[in-house]
Structure formats: structure tokens, C-alpha cells
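Note that the protein sequences, when read in sequence, are chains A and B. This note's numbering puts the first residue of the first sequence at 1441, with every later residue one more than the last. This note's numbering puts the first residue of the second sequence at 1038, with every later residue one more than the last. C-beta atoms are modelled at their ideal positions from N, C-alpha and C, and glycine is treated no differently. The block underneath contains the structure these notes are about, expressed in C-alpha cells.
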Amino acid sequence: MYGYSGKILHIDLNTRKTWVEAKPESWYQLYIGGVSMAARLLWENIEVGCDPLSPGNPICIANGIFAGTPVPVGGKYGMASKSPLTGFIGDSLSGSWFSVALKRTGWDGLVIHGASDKWITIFIDDERVQFRDAKKLMGLGTYATEEAIREELGDDQVRSATIGPAGENGVLFANVTNDGRQAGRTGHGAVWASKKIKAISVRGTKGVVVADPDTLMQMSFDISETSQGPYTVKYRMLGTATNVLNMNKLGLLPTRNYQEGTFEDAELVSGEYLEEHYKVKKIACAQCPIACEQMSAAPDGPYKGAMTGIEYECLFANGPNLGINDLRAVIKIIHTCDQGGMDAMSSGVTVSWVMETFERGIFTKEDFKCAKYPEGFEPNFGNAEAAVTLMEMIRDREGIGDLLSRGTRRASAIVDAERGTETYKWAMNSKGLENPGYDARGLKTFAVGLAVGTRGGCHNRTAAYDPDIQGEVDRFSIDDTRGRVAASTEEYAAVYDTLPLCKFIRRCFTGKADRAGAWPTIAKLINATTGWNFGYDDVELIGIRAHTIKKAFNIREGWKRADDDLPYRWKHDPMTKGASAGHVVTDEELEYLKDLYYAAKGWTNEGLIPKAKLIELGMDDVAEAIGV
Amino acid sequence: MTTSTSKYKYITCDPELCIGCQLCEYICSYTKTGEYNTYRSRIRTIRAEEILITAVACRTCENAPCVIACTRDALTQDPETGIIHVNADRCDGCAWCIEACDFGAISINPETKLAEICDQCEDLEDGPQCVKWCPKDALELTTPDQRAQRARRKLAKEDVLGM
């Protein structure tokens, strides 16, 4: 087998035993790598109905098919566990040096079972596995943890994925972080903490053997050259923060907990302003010539010295969405999340929920007592110091931070049950996952994409905002094509998430972000790596299978049609200002869009998958388990 | 910037331009070993701080300490180019050369247990492959004159602008 070792490493923390599982080439041809293979490993290694924070929920890591090769942006791995935030599949991607080092150890994937009784790090040193005491690392931030491990092991080629204090404390949207990149969103950090894993470190010394290294080298060189041209200029120059002004103009920039879609101070938090005033360095993942990470620092003011990478999603969530117009404060907030090891999107959208709840008089100053402010404080929108303090309180689960550490769905349910309020009406999550920075009231195709998302409201798993924003469809109305469009963008994204290749390369094949240009080149890259004979249709099937295995997992966990939903606000409260004012996605519209989407997928109207459909995809055992 | 006292060319990296992508390590390991293994690269990408990234390869020191340190006379320095050559028959992987190198630019091949040092791809017509591949043109094979000129400019900037 080329490009793979054919071996998955299992580690059981209960017994401290490890074993090797050999997988046949046919299995790799179905699930490839990244989120698809990670989801498949989860499917195979978990008992149905398992509590996400119990030892029975395995950590499944699957490397990329191109990790450790020179293929640009291919240094990425996927991670899957059952999400403590959503109760459904938690699948994430992270990039960079950890992925490349893991590939060189010779393991295609890792499955970690059970739980340790004391805090440990796991050191995978080629084929050897060591369990090391983590006592000295406890409480350290994500970057400090990586550095401390490198220092201790005396080799800067040791790469680590870690959790920060937020993970240690069990924040339900805690991340796993490596090399400044995050496997984010669905709470992997909380799962790691439930197993008392502070970090997994890897050192790999073996070469990656591919079928046709000369071809792969030349293709990589060519793609790398193209990637320095106009097709990635957005990511190289301003990064995704360039979206701020565009979204503001379209009335889609979530502002003050999605009450409006335009922010009066958008200029002050724009990518352009960031570039001019606070940018210090552009950084790439390993194996990436693009370098989209815009490291930014606060040069003065109360948060002087705070530094972190800024991209659009974290920026919207903690800038306009909190009513904050000072980028130095936004940098400090995101820095607090990143070093604390928690999801800056979920953190921001949870803090905006509490700010709105405070402004509506449900919470008072008293509710915000903490060590830093013993008398409490008043978290109005725009109060940057309150936002910074709330992030610290969430990270440490101090005071009201304990409630907020559970995300908007649980926090609002607890408050509503205790106080007879209806704060769920502005809890901006789908399936418990806080939504991204594109207001769905003005993006009707994207709306269904968010509602049906297998990991909840996520802009990475559906790209249905693209046809809406590009004007390929009317973004304010619905018609019977939208189910197909939503399904198609989801399957398109799943190809990239499975290889994985970073989606920022997607225009470098022909200049357009479409299948026609990309799939033939991707098929050639796969064939040069593995020696297989993949064509256009095989690449397309990669995405369909990836999405299907995740959906199948959710069905097996008891998913119902009613779980595909949008937050109350998007269905009932129109915005009053900007280019998307006056629109909502009504329940009738949403149900119709779901009908269309399930039909386009070839599923039943209840959203279940027919046996024949699964068998057609080569997923016979899945058909047996959940097919109808 | 730490510099060697070399009168020879060597590969330098501009940390302002380097993004830490490691493509230099890929092409180096592929050129030298025929496989993709950044662990075997003779140029190393280093992320010393969150925003401090650069790459380091042999600095072709004059009176190279690694050559002096070698107890088995396995290392020799080419008097024309300054490139350090490793005699595989004599090297026993003792790692004294690694101890002696101020730049961390020597490594031991985990399989053959031999010292490996950047040779600037001297046998290839188009020169160092890492320089050719670097997507940000951060790498260069520089002469002493070029390095001196840059040092002067840097000094002037620091003195005059306080940068």
C-alpha cells in the first residue's frame, strides 16, 4: 500500500495497553482520511448511547492522505468523538506540524479508549507509546504546554496536540490545539479532559512512501506556484477578516447577538484596519505555501502585548457580535480563548447571549461577581473589559462562567427552567453548536445547510452561503432547487475535509471554486500518492460517503427530523436595519427546505437513509445498522 | 542575528519572509533521500516563538568547529566552497560534530547513524533545491558580501529608526 501504512494504533487508557489494527486497502478507498476516516473509526469503536464524557467515548484521529507529502495544504488530520456539546458527532479538522509528524510515525490513525486515573500525556515516538505524568503541565496555556513538552523531550521535532485550562476544567466547547491551530467547535477538549489527557505528542522519523514521487513532486511544485497568484490573494493579504465589510454591506454581519446584521463601527474592526494597525506576522501551517494566519498584537492600551491569530469567525463573534469596536480588545478576547483552549466562536456567541440577557434585565450586576470584581460588573454590549473577564470566568468556570461553559443551549435551558424566562429565544445555536458569522435570515439556502448540519450550525461543513452570496440564487426567497444546492455544497466541502486539503486552495486548480477544475487534479494527486486509479466520480463519492457516515452516526444515536432546526430568532425576529432587514426563515419555509434537502439526498421524508442507498455506496454494514 | 565567520556562501533565511511552511524540508529530504521525510531534512524550520519563524542550514564556518571536533577525521571542509563533506566509511555517528555546531545545523540519520550536513546541492545544476522551492523567496544562497551589506543596513535601521 502506498501513502498509507495500513495500520491504526489503539490505546486503552484503562489497561495502558496498545494494539495494532490492520485495515485493508479497500477500507481506505472508502473512507480515505480526515473527518471521514475519523468518523468511521468512531462508528466502529463506540457503543450507542454512550455518555460523551464517559470512558466509552473514544478519541479517533485520522491523518490525511497527503500529510507528510509536499502536496500543498495537505498537512491536516481529522478528529472525531461523540460531542458533549451536541450529543451527535463531533468531527473536527486541524492542520500543521502535528499531522505531518504523526504521518511519519507510521500510524494512519489513532483510537484512544478508556480513561486515565491521573493526568497524563501520551508520547507516540514512532512505534513506541509512553504515558508520561502531566503534573507539571497542568494549568498551562496551549502554546506553553507545547513548548514545555518540547523542552522536556529535547527535540523541536516533537509536535503536540494539547488542551488548555478550559479543557482541563471541562468547558463543553473546549478545543484541542496544536501548533496554534485548533480542532475546534464540538468540544474535543472536554472529551480529552474526561480521559485526563493533557496532550498527545508525536515524533515520527520515517519517510512517507508514495506510488509516484516524481509526479507528486512536480504537481506540488506547480500548485504551490499557482497558490502565490490571484486565487489566494484574499487569504494571503487580509485573511478571512476581509469578510467583515462585505458581510456588513450585505446586512449579514451578526451584531449584538444577531439582533442586527450591520455594525455601525464595522470599519474599525475590518480586515483592512487590522492589517494597517495590528498585524505582526503571517504564518502558515506545515506544508502550506499560502499562510493565512494573520498574527496580530495589541501595541498599546489596557491589553498591550496580547497577540493571537485573527480570522473572520472569531472576529465577528467577539467584535460586532459583542458590540465591541476596538480590535485591541478583540485580540485580547481571542487570545484568552486560544491560550485557554476554548472555541472562540462558541465563547463569543455564548457571551453575546449573556449580554443580551443582562440588558433585558434577567441578569443583574450581582450575577457577575468574581474574584476580579467582587461586587460584580455590568456586561452591556460594547463593554470590552466585561467580555474579557467573562472569557476568563468561562475558562475557569468561575461564578456565572460555570453556567456559560455549557454553551447557549444548556445555559438558556437552565435559566429558563429556574426563572420561568424565555432566553432560549436568543440562544443562537443549532443542535447546541453556536452558529457562524453569516446571518441565515438573509441567506435562505445557507439556512437549510445550517439546520441539517451533522455537527450543528457550521459554515465549514456546508458552503451553501456561496451560491447565495455569489448571486447564483436569490438569497431572500426559496424555490425547489435549494435542497439540491445545499446537498451539493455539503458534499463538495466534505471532499476537502476528508482528504483533507484546506479549502483555501480550492480556486488554485482552474480559478473557480468548482468540481470541474478540481476533481481531475485531485484524482491525479490521489493516484500519484496511492497508485490507485481514481477518476472524477470517485472523488465525488469521497464527499458523499464522508457525509453519509457522519449522518449515519447521528441516526444511530437517535437523531430525528425535528433536530434539524434553526434558532428561534432566525425564524421569528426580522432585523430592522441593513440590506437583509425584514426577513426571517419561517417554520413553513424551513420544513419545506428540509423536504427538498432530504429528497435531493435520496433519503426518506423523515431524513432516514434507505438501505439500498447505503449498499450502493459500499457501506453494507452501515445499511444493516441504520438503513430503512 | 548570529552569524558565522564564513568567507563562503551558505543558505540564509529571512525571518521576515519565512512563514514556516516547511516546503524546504520536503524538497531537501526528497532530493537527498528520495523520500518525503522532513525529519531527514538538512535544513530545519524553527518556530522559536509564536511569531519567530526561520530556517537554519549549515553556515560553512571557517575553521569549522565540527571538523575540528570530529575524532575520526570523517568530516572535511572543501577549501573552495566551504562545504562540509562526511566520509561515510569513517563516521560512526558519535555526534561530537552536533555538540560542536553553534547553529544546530547537523543531524544524525536515524537509520544509517551517519552525520548529515547541507551541501548546498553542489552536484545539481540549478543549485540548492530549497532556495528554488521556497514559495516566499525567504531562502537564498548568499555570499559574504551580501551578508555584510545586509548587516550594515540592519545596523543603520536599528541605529537610526530604532527598529
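* **Contact check, leucine 1873/A vs serine 1786/A, beta carbons under 9 Å** => Reading the first sequence from its first residue, position 433 is the one you call residue 1873/A. Reading the first sequence from its first residue, position 346 is the one you call residue 1786/A. Between leucine 1873/A and serine 1786/A, the C-beta spacing is below 9 Å.
* Please list the partners that glutamine 1183/B has in chain A, where partner means a Cβ-to-Cβ separation under 7 Å. => By one-based count along the second sequence, residue 1183/B stands at place 146. Residues of chain A passing the Cβ test: none, with the nearest at roughly 24 Å.
* To do: Could you confirm whether any beta carbon from chain B is found closer than 9 Å to the beta carbon of glutamine 1668/A?
  => By 1-based counting over the first sequence, the position of residue 1668/A is 228. Output row for glutamine 1668/A: interface = yes.
* To do: Would you kindly report the start and end of the unbroken beta strand (DSSP E) that includes glutamate 1086/B?
  => The sequence position of residue 1086/B within the second sequence is 49, counting from 1. Counting along the chain, the beta strand (DSSP E) containing glutamate 1086/B begins and ends at 1081 to 1086.
* Just checking my contact of asparagine 1900/A with proline 2007/A at CB under 8 Å: how many whole Å lie between their CB atoms? -> The sequence position of residue 1900/A within the first sequence is 460, counting from 1. The sequence position of residue 2007/A within the first sequence is 567, counting from 1. About 18 Å separates the two Cβ atoms, so there is no contact after all.
* Asked: In whole angstroms, what is the alpha-carbon distance linking isoleucine 1143/B and arginine 1079/B?
  -> In the second sequence, counting from the first residue as 1, residue 1143/B sits at position 106. In the second sequence, counting from the first residue as 1, residue 1079/B sits at position 42. Near 7 Å, if we compare the C-alpha coordinates of arginine 1079/B and isoleucine 1143/B.
* Which one or two residues does DSSP pair with histidine 2023/A in a beta bridge? -> Position 583 of the first sequence holds residue 2023/A. Note: histidine 2023/A sits in no beta bridge, so no partner.
* Contacts around glutamate 1862/A, its chain only, beta-carbon distance under 8 Å, and the 5 residues preceding and following it disregarded -> Your numbering for residue 1862/A matches position 422 in the first sequence. Cβ-Cβ distances below 8 Å link glutamate 1862/A to Asp1856 in the same chain, with the five nearest sequence neighbours on each side left out; the list follows chain order.
* **Own chain, CB closer than 7 Å to valine 1650/A, minus 5 neighbours either side, in chain order** => As a first step, residue 1650/A must be located in the first sequence, where it is residue number 210. Answer for valine 1650/A: Tyr1442, Gly1443, Thr1509, Leu1656, Ala1968 and Thr1969, listed in chain order.
* Run through DSSP, which three-state label would methionine 1868/A get? -> By one-based count along the first sequence, residue 1868/A stands at place 428. In the structure shown, methionine 1868/A sits in coil (DSSP, three-state: anything other than H, G, I, E or B).
* Anything in chain A within Cβ reach of cysteine 1095/B, meaning under 9 Å, just list it in chain order. => Translated into positions along the second sequence, residue 1095/B becomes position 58. The premise fails here: cysteine 1095/B is roughly 17 Å from chain A at the closest Cβ pair, so nothing lies under 9 Å.
* Asked: If we cut at 9 Å on Cβ distances, does serine 1034/B have a partner in chain A?
  -> Absent from the model: residue 1034/B. The displayed extent of chain B is 1038 to 1200, so no value can be given.
* Asked: Between threonine 1582/A and serine 1641/A, which are expected to be in contact by the criterion C-beta below 8 Å, what is the C-beta distance as a whole number of angstroms?
  -> To locate residue 1582/A, count along the first sequence from 1; it is residue 142. To locate residue 1641/A, count along the first sequence from 1; it is residue 201. Not quite, the Cβ-Cβ distance comes to about 13 Å (not below 8 Å), so this is no contact.
* Do the region 1773 to 1780 of chain A and the region 1802 to 1814 of chain A touch if we need at least three Cβ pairs shorter than 8 Å? -> no
* To do: Output, in chain order, the set of chain A residues within a Cβ distance shorter than 7 Å of tyrosine 1047/B.
  => Translated into positions along the second sequence, residue 1047/B becomes position 10. The contacting residues do not exist; tyrosine 1047/B stays about 21 Å from chain A at best.
* By DSSP, does valine 1551/A sit in helix, in strand, or in coil? -> Sequence index remark: in the first sequence, residue 1551/A carries index 111 (1-based). Strand.
* **Sequence-distant residues of the same chain with beta carbon closer than 8 Å to aspartate 2027/A, five excluded per side** => Counted from its first residue, the first sequence places residue 2027/A at position 587. Lys2011, listed in sequence order.
* Asked: To the nearest angstrom, how far is it from the Cα of asparagine 1146/B to the Cα of tryptophan 1133/B?
  -> Walking along the second sequence from the start, residue 1146/B turns up at place 109. Walking along the second sequence from the start, residue 1133/B turns up at place 96. Approximately 14 Å, taken between the alpha carbons.
* To do: Identify the contact partners of glutamine 1166/B in chain A, using a Cβ-Cβ distance below 7 Å as the criterion.
  => Here residue 1166/B refers to the residue found at position 129 of the second sequence. Per Cβ cutoff of 7 Å: no residues; glutamine 1166/B is ~10 Å from chain A at best.
* To do: Could you check the C-alpha separation between isoleucine 2049/A and leucine 2036/A for me, to the nearest Å?
  => Position 609 of the first sequence, counted from the first residue, corresponds to residue 2049/A. Position 596 of the first sequence, counted from the first residue, corresponds to residue 2036/A. Roughly 15 Å between the two C-alpha positions.
* Leaving out five residues before and five after asparagine 1124/B in sequence, what residues of the same chain have Cβ atoms less than 6 Å from its Cβ? -> Taking the first residue of the second sequence as 1, we reach residue 1124/B at position 87. Ala1111, listed in sequence order.
* Going along chain D in order, which residues have a C-beta closer than 7 Å to the C-beta of methionine 1659/A? -> In the displayed structure, chain D is absent; the protein chains listed are A and B.
* Are there 16 or more other CB atoms within 10 angstroms of the CB of asparagine 1761/A, so buried, or fewer, so exposed? -> In the first sequence, residue 1761/A corresponds to position 321, counting from 1. Answer is buried; the Cβ neighbour count reaches 16.
* When you check each C-beta in the region 1618 to 1652 of chain A against every C-beta of chain B, which residues fall closer than 9 Å? -> Asp1619, Gly1620, Arg1643, Gly1644, Thr1645, Lys1646, Gly1647, Val1648, Val1649 and Val1650
* To do: Closer than 7 Å by beta-carbon distance: list the chain B residues that pair up with aspartate 1596/A, in chain order.
  => Translated into positions along the first sequence, residue 1596/A becomes position 156. The answer, in chain order, is Ile1083.
* **Contacting positions in the region 1511 to 1544 of chain A - beta carbon closer than 7 Å to chain B** => Residues passing the 7 Å Cβ filter: Val1540 and Arg1544.
* Applying a beta-carbon distance threshold of less than 8 Å, which residues of chain B neighbour serine 1664/A? -> Taking the first sequence and counting its residues from 1, the one referred to as residue 1664/A is at position 224. Listed along chain B are Leu1060, Trp1170 and Pro1172, each with a C-beta nearer than 8 Å to that of serine 1664/A.
* Interface flag, glycine 1057/B vs chain A, CB-CB below 9 Å -> Indexing the second sequence from 1 puts residue 1057/B at position 20. By this cut-off, glycine 1057/B is an interface position.
* Asked: Can you give the Cα-Cα distance for alanine 1903/A and glutamate 1930/A, rounded to whole angstroms?
  -> Position 463 of the first sequence, counted from the first residue, corresponds to residue 1903/A. Position 490 of the first sequence, counted from the first residue, corresponds to residue 1930/A. Going from the Cα of alanine 1903/A to the Cα of glutamate 1930/A covers about 6 Å.
* **Amino acids of chain A, ordered along the chain, whose beta-carbon sits closer than 9 Å to that of arginine 1077/B** => Indexing the second sequence from 1 puts residue 1077/B at position 40. Ordered by position in chain A, the residues that pass the 9 Å Cβ test against arginine 1077/B are Thr1645 and Gly1647.
* Using a Cβ-Cβ cut-off of less than 7 Å, list which residues of the region 1725 to 1753 of chain A approach chain B; keep chain order. => Ala1726, Gln1727, Cys1728, Pro1729, Ala1731, Met1735 and Met1747
* Cα-Cα, which of Gly1749/A, Lys1646/A, Gly1546/A and Gln1597/A is closest to glutamate 1148/B? -> Against the second sequence, residue 1148/B aligns to sequence position 111. Closest option to glutamate 1148/B, Cα to Cα, is Lys1646/A.
* Asked: Which residues share a DSSP beta bridge with tryptophan 1459/A?
  -> By 1-based counting over the first sequence, the position of residue 1459/A is 19. Paired residues: His1450/A.
* Beta-carbon spacing of glycine 1749/A, glycine 1711/A below 9 Å -> In the first sequence, the residue the question calls residue 1749/A occupies position 309. In the first sequence, the residue the question calls residue 1711/A occupies position 271. No, the pair does not count as a contact, with Cβ atoms beyond the cut-off.
* Asked: Shorter than 9 Å from the beta carbon of tyrosine 2038/A to some beta carbon of chain B?
  -> Position 598 of the first sequence, counted from the first residue, corresponds to residue 2038/A. False, the Cβ-Cβ gap to chain B never drops below 9 Å.
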